[in-house]
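A.B. asks: Mapping the sequence shown onto UniProt numbering, position 92 (from 1) lands on 92, and the numbers just tick up by one.
Just so it is clear, CB atoms sit at the ideal spot from N, CA and C, and this is done for glycine as well.
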Amino acid sequence: MKILIVDDSSTMRRIIGNVVMQLGFSKEDFDEAEDGVKAWKLLTESAYDIILTDWNMPNMNGLELVKKVRSEGNHQKTPIIMITTEGGKSEVITALKAGVNNYIVKPFSADILKEKLDGVLKN
Numbered sequence: 001m002k003i004l005i006v007d008d009s010s011t012m013r014r015i016i017g018n019v020v021m022q023l024g025f026s027k028e029d030f031d032e033a034e035d036g037v038k039a040w041k042l043l044t045e046s047a048y049d050i051i052l053t054d055w056n057m058p059n060m061n062g063l064e065l066v067k068k069v070r071s072e073g074n075h076q077k078t079p080i081i082m083i084t085t086e087g088g089k090s091e092v093i094t095a096l097k098a099g100v101n102n103y104i105v106k107p108f109s110a111d112i113l114k115e116k117l118d119g120v121l122k123n
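(1) Counting pairs of beta carbons, one from the region 78–89 and one from the region 48–59, are three or more of them closer than 8 angstroms?
(2) Would you call the CB atoms of Y103 and V92 closer than 7 angstroms?
(3) By DSSP's criteria, Y103 is part of a beta bridge. Which residues make up the other side?
(4) Thinking C-alpha only, which one of A39, E34, I3 and F25 is nearest residue 133?
(5) Quick check: the Cα distance between E64 and V105, rounded to an integer number of angstroms?
(6) Does the contact criterion of 3 or more C-beta pairs under 8 angstroms hold for the region 107–114 versus the region 9–25?
(7) Excluding the five sequence neighbours on either side, which residues of its own chain have a C-beta within less than 7 angstroms of the C-beta of Y48, listed in chain order?
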């Protein structure tokens with residue numbers, strides 16, 4: 001299983017990576033990108049089973065990345081979980097309409113991420 005973690009905060013990428021490893025994955029199971037532009041480059045070069053992305057990032061934000069993934073390339077069916085501080089109802093609806101499979105509001109626990117990952121991977 002290959003996971004792409006996209007967040008402009010190196011601290012948040014490390015936290016998400018640590019949670020992913022707590023869930024039984026290894027460091028080799030995930031790649032990291034600090035914005036949507038770098039994430040898109042990785043997506044054009046490799047296959048991923050799931051994308052975990054932040055919303056607020058420079059260059060290409062998470063919502064723009066989701067729309068690009070859903071409309072172009074080989075990852076249109078890849079599950080996407082948005083992990084963000086944007087917790088308002090309208091933001092959640094906007095993200096779901098854009099094509100995210102699930103949504104996590106920061107801060108979050110390992111249990112929440114595991115639950116969302118399990119839910120997305122079962123479908």
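C.D. replies: For this structure:
(1) Touching, per the Cβ criterion.
(2) For Y103 and V92, yes; Cβs fall inside 7 angstroms.
(3) According to DSSP, Y103 bridges with M82.
(4) The displayed coordinates of the chain run from 1 to 123. Any statement about residue 133 would go beyond what the structure contains.
(5) 18 angstroms
(6) yes
(7) K2, I3, L4, H75 and T78
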